[in-house]
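One structure is given below, encoded as structure tokens.
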Amino acid sequence: MPITTAYKTEIQRVSILDEHGNFDEKLGKDLIPDADLVRLYEAMVTCRVLDEIAFKLQRSGRMGTYPQNMGQEAPSLGASYVLNKDDWIVTCYRENCGLFWRGVPMESILLHWMGDERGNAMPREHFATPIAVPIGTQMLHATGLAWASKYRGEKRISCTFFGDGASSEGDFHEACNFAANLEIPVVFVCQNNFWAISSPGKVNCSAPTLAQRALAYGMPTIQVDGNDLFAVVKVMRDAAAWTREHGKPHFVEAVTYRLGDHTTADDARRYRDQAEVELWKTRDPITRIYDYMKSRKLWDDSKEATTRERAAVNANAAVATAEGIAEPHRQDYFNAMYAELPADLATQLATHNTHSLGQTEEAAHVATEALAKAHASHH
Amino acid sequence: MPITTAYKTEIQRVSILDEHGNFDEKLGKDLIPDADLVRLYEAMVTCRVLDEIAFKLQRSGRMGTYPQNMGQEAPSLGASYVLNKDDWIVTCYRENCGLFWRGVPMESILLHWMGDERGNAMPREHFATPIAVPIGTQMLHATGLAWASKYRGEKRISCTFFGDGASSEGDFHEACNFAANLEIPVVFVCQNNFWAISSPGKVNCSAPTLAQRALAYGMPTIQVDGNDLFAVVKVMRDAAAWTREHGKPHFVEAVTYRLGDHTTADDARRYRDQAEVELWKTRDPITRIYDYMKSRKLWDDSKEATTRERAAVNANAAVATAEGIAEPHRQDYFNAMYAELPADLATQLATHNTHSLGQTEEAAHVATEALAKAHASHH
Amino acid sequence: MATLNLVQAINLALIQEMEKDDRVLLMGEDIGLNGGVFRVTEGLQARFGKERVVDTPLAESGIIGTAIGLAMAGLRPIPEIQFEGFLGPAYDQICSHAARMRSRTRGAFTVPLTIRVPVGGGIHAPELHSDSPEAIYAHTPGLKVVMPSSPYDAKGLLISAIRDPDPVIYFEPKRIYRAFREEVPEDEYTLPIGKARTVSEGNELTIVSWGASVVQCMQAIENSGRDIELIDLRTIYPFDIDAVEASVSKTGRCVVVHEAPLTCGFGAEISARIMERCFLHLEAPVQRVAGFDTTMPYYKLELDYLPDAARVGRAIEDCLAY
Amino acid sequence: MATLNLVQAINLALIQEMEKDDRVLLMGEDIGLNGGVFRVTEGLQARFGKERVVDTPLAESGIIGTAIGLAMAGLRPIPEIQFEGFLGPAYDQICSHAARMRSRTRGAFTVPLTIRVPVGGGIHAPELHSDSPEAIYAHTPGLKVVMPSSPYDAKGLLISAIRDPDPVIYFEPKRIYRAFREEVPEDEYTLPIGKARTVSEGNELTIVSWGASVVQCMQAIENSGRDIELIDLRTIYPFDIDAVEASVSKTGRCVVVHEAPLTCGFGAEISARIMERCFLHLEAPVQRVAGFDTTMPYYKLELDYLPDAARVGRAIEDCLAY
Ligand SMILES: Cc1ncc(C[n+]2csc(CCOP(=O)(O)OP(=O)(O)O)c2C)c(N)n1
Ligand SMILES: Cc1ncc(C[n+]2csc(CCOP(=O)(O)OP(=O)(O)O)c2C)c(N)n1
Ligand SMILES: [Mg+2]
Ligand SMILES: [Mg+2]
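Chains A, B, C and D, in that order, give the protein sequences.
Basically the numbering used here = 1-based index in the first sequence + 37.
Basically the numbering used here = 1-based index in the second sequence + 37.
Basically the numbering used here = 1-based index in the third sequence + 8.
Basically the numbering used here = 1-based index in the fourth sequence + 8.
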């Protein structure tokens, strides 16, 4: 048999509630209880409202660069909804909706983009890692976090999110390969929104699907309509269950679209067709659930109005909290460097100087005091 | 259609002359003219003999660490045989046989492992890049080299070699992804020898095949019995032709085995079963061709003896050349740093000092002269 | 002669070199239709086509690694790394290959590569968008490291870098990308890599600096009212220690200013060299005004971190009073 | 008290910390059954099992990136990078994440990680197996950098590194892995990170060094017959500038010795600090004996490159004669 088959595979795509309102009863029935659906809907609306407010904050100089999540609310939300509360969720920056569902305060995310590290000081009980600025690097941390669970014999898994662009980075490959070969339970979720800033999808992946990235590792993989919350919930529930049971990784490609600019520093009109945006607006994950709930008589205009109002109140409260925080202090960034502030750094802090002549006796004394205090606070 | 098929594929494996002597006439006929086969056989034997000599050189302190190629002669040789002489060949360190076929002198490879950069000063007409010490990095250079051909409208392609271990590195992923998405003609050849030093294959790739790494990029891919020179020639010829025609990359997994230690610094008995080695000895690419040629009456004991003798003569001549080279000079490693030696470096060279007090007037004068000379030689 | 800012000067240099030499090509993330996130490559894809201004996958090691291959084949690639904080993934290809290929092969292969990288703080950007890693690359033999501080220098140094037969990291101080304009000749010109520029002459004290800090130093000098010589290093490797020596031998006092963390920043090398060369002329120890040995804080506190005219001013006073 | 070489001392420290603290695990290429390419982890997989001594895929960024995740989860991973030349692919995870996680999250997440890395030249190894990148990491705030020069120090410093709540790069000078043995206590002990060791006392001149160079310095001192104080820095960051200051204030003369290239090596920092702190005590400029500003040559010439007792001796003479 000179020519034989060495490998054969097939990747599925799941859709339950499509953009035309078609709902697959077989897969969709009992998937999300109505009461939950209403809460999930509200979560998406709140996230969208925050995006709009954040945009304005940036434009009026009250916040730095901000990446809107608009249009991509469903993948992280669906994941967050089905994961255990103590499964690690390791994100990039378009997973606000899932993080908020998990319990991460909105003001944390705002503070991050306001140039304040306190936004990243997430309480550990959220089992969420900080926003990852260097693209494609956080998936390795997800793999390490899940490895720790395995090491300890816990059932906790990791779920990590990243973009189509991120899947080009070497670290993505290494994260998948470690998880597959060392048998570490991670769900890798690629939010394929077809753009990496101005680079169209095929610059980063010219294969027919992003889901097939996983075939390289012999990893189970599936594609899902990422704007279909039902399909996301089903796929993520199955993937998480499989991962937890087998102690091995699973890949999910969530096909979605960012309706806004890459960040507030970007102008997407420079590189993409408005027609494409308009098309994707018809596939909006929020209106899809809205229409569905209406058709099921779960929803009406007054509920909608209440929801929108509550969303605005919550989002504005978060902004107020974020803006109301005290100014950060110089010592914050010095003291945060190590568990104990090194003596030399203590002097730099005390004198706010890096040149020795300015480090007078008095300053050195202050430095010594600061150091002693730092030590004391750790013992 | 809630569950649809997003992607479907199948990978083939090619074998023509197997370890039991079965020869597939349909694929194998006219593949390699008899006269060429004899030459190819001799090339493999020579490479094997050099390995044995190099081993002894290392053991007697006449050479540093050396990685034997034993057992893996066929993949690079088959590639080198079918590629155009001006296609780039971008290797790691187990492709001696292919490099020698290309025309790279044996003493170059020896010099490299004797700790002498002159071994890497390959004449450009070989279109071969130097041995890559950092694992997994050279595939990106292959992609860049082929990109240059595309940029210039030439038909030259790149063929790059790397191990199963190397396929774990992020750079491997980036090289494949660049080639696929930017449409660059590279043949990626993975020599899967089931070991990366002491790590068994599945630590680096737990998927059923290494060939499926390529599916991540939508890249055509195939598996070949890498100890079957006929199959390698067929697969490489097809892959190179496809790549040249389409201006896009192709992947080849050559399944093979290293019969020796990882390098002379390694002792493979620490981590692998002798039984496994014995099994693979029965699959040796050299004996396979030997048996085939005998069965076809192309070969006899006297031809074998002549070949072995010639191989030994050639290999020993290479050793003599490598060992006969003049001692390298200090200025070699200074002058090689930049097209023009920076003044400060010229002083370091002239004084063989990095401390200023030792840089006397006289030394500084010498430095200035050296610098002037270096300048002159470049204008 | 046009009046250009730094972005425009670089853009012009790229246009002229691309017109002159078809071995020159640009590659990087978002540099094509989008013109780069700082618009430095604006209009170039329209002008030169998609073959010469190439949007690459999002992978810095891939960008540099393939650029090395392009350069080994004789082209003159100019990869852009979007921010200095993303040089990290490319570190290995830069230091293990670009820097070593010529010496490894005794000149059989060379890597005439110019890596363009926006550098430094002060623009209210997110994390990893405000660092100053020049010392890392200055410590890596085989590389050249350039950092202009004005539009005029930017153009001349970039053209030199592109024509240089060895790999150059060309850092663009993003804080002054659009801070000011100056006259920049239309014609092509080069500035030597390895030669400093004396920004202002003086006899009391020497300031050595580079990149965006030069502007802070000019301010500090003006504020001080003292007779200070300001040397803009322009290139970090090779560096013009002769110019520094000549100046410090005259003034006897020196302050070095840079944004990177103090410890093992390039200021340490300048200080050590001055000690070695000007020991008997020194009237005070060399003072270093630098970033602190902390991570660059998020932007609410970045101005607290960056050396500014006030901190430079205090160093000048302390040094003069010594 | 056993008499151990450096490899054995490290092996012992690993065993003791693994027995004491089950959060400690080892990971890396070939560290399991094979015991590492230098046999430093010999026998540990047999003793502690495959869960605690893990052979990883061949990917350095993956090793450090997953180790960061393990550490964030509260474990104490000890990844091995096979040779310092292969830190390159891990540079980004080390510098962009391990070094920054605590400050980024204001302490919510920390990275108690010890990265073991054989370092330095002199063993006739291939390219990229003989470098000395300590200055690169000393210039990266958030990391600690340790380099022992003896079996006794190796054990004590490694235990400190493992217990340290912050990321430590623990460089092992491979040239002296088996060069000599000394008495190493059976019991566990720690040595403070940030404190130098005075190897020999003297009044005429101070030598500051670290790692394998310390041995060359001892030789040079012996050859010189002069009254020289030798300070082994032991830890590169934080570094014990107080010890250096005290010594140089006494001797007035200093030679710094290291294998890494001169320019922007850690010797530059030591020199700059001495100038800042001991200016009025200095009787000669600080001299640096270092690797040249070239790539470390292949092994035929590596001894020409490495600072040896003879070069240190010349610097001593020059400095004393100043
Ligand atoms: C290592 C690195 N390189 C470059 C950047 C700049 N950058 C920020 S976001 C981005 C595009 C990311 O695209 P994708 O992963 O698809 O995520 P999306 O923004 O589409 O959600 C780039 C290039 C970065 N942050 N990190
Ligand atoms: C980046 C890097 N990491 C580690 C090493 C050390 N090393 C040399 S060869 C090797 C194993 C390579 O395995 P593989 O790619 O399968 O090639 P093979 O030796 O089996 O031909 C390792 C880990 C290296 N040279 N470069
Ligand atoms: Mg995207
Ligand atoms: Mg292998």
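Don't be surprised by glycine CBs; every beta carbon is placed ideally from N, CA and C.
Small disclaimer: the values here were computed from a predicted structure and weren't measured.
Check                                                                                                                                                                           : Outcome
Would you call D:F300 buried or exposed, if buried means 16 or more other Cβ atoms sit within 10 Å of its Cβ?                                                                   : buried
Roughly how many angstroms lie between the CA atoms of C:R319 and A:Q396, to the nearest whole one?                                                                             : 13 Å
If I follow the unbroken beta strand (DSSP E) through C:H266, where does it start and stop?                                                                                     : C262 to P269
DSSP on C:I201, reduced to helix/strand/coil?                                                                                                                                   : coil
So does the segment 257-270 of chain C actually touch the segment 196-216 of chain C, counting three or more Cβ pairs closer than 8 Å?                                          : yes
Residues in the segment 196-211 of chain B with C-beta within 9 Å of chain C's C-beta atoms, listed in sequence order?                                                          : G207, D208, H210 and E211
Is the beta carbon of B:Q311 less than 9 Å from the beta carbon of B:R50?                                                                                                       : no
Rounded to the nearest angstrom, what separates A:F137 and A:A80 at their Cα positions?                                                                                         : 8 Å
Residues of chain C with a CB under 7 Å from the CB of B:T180: which are they?                                                                                                  : T74 and G77
Is B:W125 closer than 9 Å to B:A183 when the C-beta atoms are compared?                                                                                                         : yes
Measuring alpha carbon to alpha carbon, tell me which of C:A106, C:E284, C:V264 and C:G40 ends up nearest A:T391.                                                               : C:V264
Go ahead and label A:P70 buried or exposed: buried means 16 or more other beta carbons lie within 10 angstroms of its beta carbon, across all protein chains shown.             : exposed
Name the one or two DSSP bridge partners that B:R50 has.                                                                                                                        : A:T41 and B:Q260
Looking at the C-beta of B:M151, does it have a partner C-beta in chain D at a distance below 9 Å?                                                                              : yes
Decide if the segment 241-254 of chain D is in contact with the segment 146-157 of chain D; the criterion is three or more beta carbon pairs, one per stretch, under 8 Å apart. : yes
Residues bridged to D:Y245 by DSSP?                                                                                                                                             : D:V153
Please tell me whether, using a cut-off of 8 Å, the distance from the CB of D:T74 to the nearest non-hydrogen atom of ligand 2 is below it.                                     : no
Going by DSSP, what residue range makes up the beta strand (DSSP E) through B:W125?                                                                                             : W125 to V127
Give, in chain order, every residue of the segment 26-44 of chain C whose Cβ lies closer than 8 Å to some Cβ of chain A.                                                        : E37, D38, G40, L41, N42 and G43
How many Å lie between C:L66 and B:G181 at the Cα?                                                                                                                              : 16 Å
What does the alpha-carbon distance come out to for the pair B:L316 and B:L296?                                                                                                 : 10 Å
Distance check for D:D100 and D:G73, CA to CA, integer angstroms please.                                                                                                        : 9 Å
Out of A:A91, A:K63 and A:S117, which one is the CA nearest neighbour of A:D73?                                                                                                 : A:S117
Just curious, the beta strand (DSSP E) that A:H287 is in, first and last residue?                                                                                               : H287 to V292
Which value, in whole angstroms, describes the spacing of the CA atoms of B:E89 and B:V82?                                                                                      : 11 Å
Measuring CA to CA, which of C:K308, C:G44, C:S138 and C:P87 is closest to C:V119?                                                                                              : C:P87
What residues match up with B:Q95 in a beta bridge as DSSP calls it?                                                                                                            : Paired residue(s): none; B:Q95 is not in a bridge.
Is A:Y188 helix, strand or coil by DSSP?                                                                                                                                        : helix
Using a beta-carbon distance below 9 Å, is C:H147 in contact with chain B?                                                                                                      : no
Cα separation between C:A146 and B:T174?                                                                                                                                        : 23 Å
Give the straight-line distance between the Cα atoms of A:H415 and A:T358, rounded to the nearest whole angstrom.                                                               : Reliability fails at A:H415, whose pLDDT of 49 lies under 50, so the model's placement of it is uncertain and the value that follows must be treated cautiously. Going from the Cα of A:H415 to the Cα of A:T358 covers about 29 Å.
Whose Cβ in chain C lies nearer than 8 Å to the Cβ of B:N157?                                                                                                                   : R112, T113, R114 and A116
If you check the beta carbons only, do B:T300 and B:Q105 fall under 9 Å apart?                                                                                                  : yes
Given this structure, state the Cα-to-Cα distance separating D:P181 from D:V192, to the nearest angstrom.                                                                       : 18 Å
Taking 6 Å as the limit, name every residue whose beta carbon sits nearer than that to some heavy atom of ligand 6, in sequence order.                                          : Among the ligands modelled here, namely ligand 1, ligand 2, ligand 3 and ligand 4, ligand 6 does not occur.
Mapping the DSSP letters down to three states, classify A:Q228 as helix, strand or coil.                                                                                        : strand
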